[in-house]
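K.L.:
Numbering (my numbering), first residue to last: 835 to 1122. Take this structure, written in structure tokens, and hold onto it; I'll ask about it next.
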């Protein structure tokens, strides 16, 4: 096996998952204007719902994935309506919303731990029997190919939705100036609610992809969140295309470093990339 080719393939797969995480987070931040730490909980909740449908109820993969994505989106919508919206109505500061979202993350992860235990779980049932393809000396599994294709389709669908639909125009209007958007007739609360559903569903898809690719545990929501946030900042806050570029830049850097450093350095490398960008290019790769 060609190590360089394998590292490139690993970077592409990681970049696809990071892209989904960054895109979902980008949607939430652009409209709600605060760092929603609870987003990580939506990702892991979607993954565990998919695990329940696929591994425990023995249903098909498409049904399990659809259930997980819808569950993550619904949970994000409910949390926005019951927790964040009342706080915003009371003119809560970004710090208050941040702390509230931390509480959401901790509570949901605790509930997942109680229901499923803290043991590591993976969605793939027959890992050793899964088809593996050789690409320029590197190996990629059938599941990883599906993850890449699904991530690409979600990216394209989101980009087209934001550019050509009324919903996308409403989202962009709120992201530019919520008060002006309200003046011209945009129902910002309704749009933000839908955004939380869509963004959380995308996060759930990323969590499910992670569960199929490398496995999950109840507290993996925070690492997933951090990867998405770092990619989001590196790519350029508020820029959809920048989020994708930031995700792949992060994945490539992590996997290149893995050639020389132990795996324990992964998060250190990610934060080093973030610090370098914050110092030398705080606007990110593609500023909005």
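Idealized CB from N, CA, C, for every residue including glycine.
DSSP three-state call for residue 925: helix, strand or coil?
P.N.:
In the structure shown, residue 925 sits in coil (DSSP, three-state: anything other than H, G, I, E or B).
K.L.:
Counting contacts by CB-CB distance shorter than 8 Å, is residue 1120 in contact with chain B?
P.N.:
Looking at the structure shown, chain B is missing, and only one protein chain is on hand.
K.L.:
Would DSSP call residue 968 helix, strand or coil?
P.N.:
Strand.
K.L.:
On the three-pair Cβ rule with 8 Å, is the segment 870 to 886 touching the segment 1054 to 1068?
P.N.:
Taking 8 Å as the limit for Cβ pairs, the verdict is that the segment 1054 to 1068 does touch the segment 870 to 886.
K.L.:
Assuming residue 1071 contacts residue 1037 under a Cβ cut-off of 8 Å, what Cβ separation, rounded to an integer in Å, is found between them?
P.N.:
With a Cβ gap of about 17 Å, residue 1071 and residue 1037 do not count as contacting.
K.L.:
Do the segment 969 to 987 and the segment 905 to 915 make contact, defined as three or more Cβ pairs closer than 8 Å?
P.N.:
Segments in contact, no.
K.L.:
If you run the structure through DSSP and keep just helix, strand and coil, what is residue 1122?
P.N.:
Coil at residue 1122, not helix or strand.
K.L.:
Relative to the C-alpha of residue 1122, which candidate in 1068, 1087, 1108 has its C-alpha closest?
P.N.:
Comparing Cα-Cα distances from residue 1122 to each of 1068, 1087, 1108, the minimum goes to 1068.
K.L.:
For the alpha helix (DSSP H) containing residue 1024, list its first residue and its last residue.
P.N.:
Unbroken alpha helix (DSSP H) run through residue 1024: 1022 to 1047.
K.L.:
Could you work out which residue in 1050, 1084, 1075 is closest to residue 1065 when comparing CA atoms only?
P.N.:
Among 1050, 1084, 1075, the Cα nearest to that of residue 1065 is on 1084.
K.L.:
What did DSSP end up calling residue 956 once you bin it into helix, strand or coil?
P.N.:
Residue state, collapsed to three classes: coil.
K.L.:
Using CA atoms only, rank isn't needed, just tell me which of 989, 838, 986, 1015 is closest to residue 1000.
P.N.:
For residue 1000, the nearest C-alpha among the options comes from 1015.
K.L.:
Hey, how far is the Cα of residue 849 from the Cα of residue 1035?
P.N.:
C-alpha separation (whole angstroms): 18 Å.
K.L.:
Going by the DSSP bridge assignment, what does residue 973 pair with across the sheet?
P.N.:
DSSP lists 968 as partners of residue 973.
K.L.:
Restricting to Cα atoms, I'd like to know which of 922, 901, 1080, 873 is closest to residue 1111.
P.N.:
Nearest of 922, 901, 1080, 873 to residue 1111, Cα basis: 1080.
K.L.:
On a Cα-Cα basis, can you pick out the residue from 1077, 1007, 845, 836 that is closest to residue 1047?
P.N.:
It is 845 whose Cα lies nearest to the Cα of residue 1047.
K.L.:
Return the CA-CA distance between residue 808 and residue 837, expressed in angstroms with no decimal places.
P.N.:
Since the first residue of the chain shown is 835 and the last is 1122, residue 808 is not available in this structure.
K.L.:
For the alpha helix (DSSP H) containing residue 1079, list its first residue and its last residue.
P.N.:
From DSSP, the alpha helix (DSSP H) with residue 1079 extends over 1074 to 1092.
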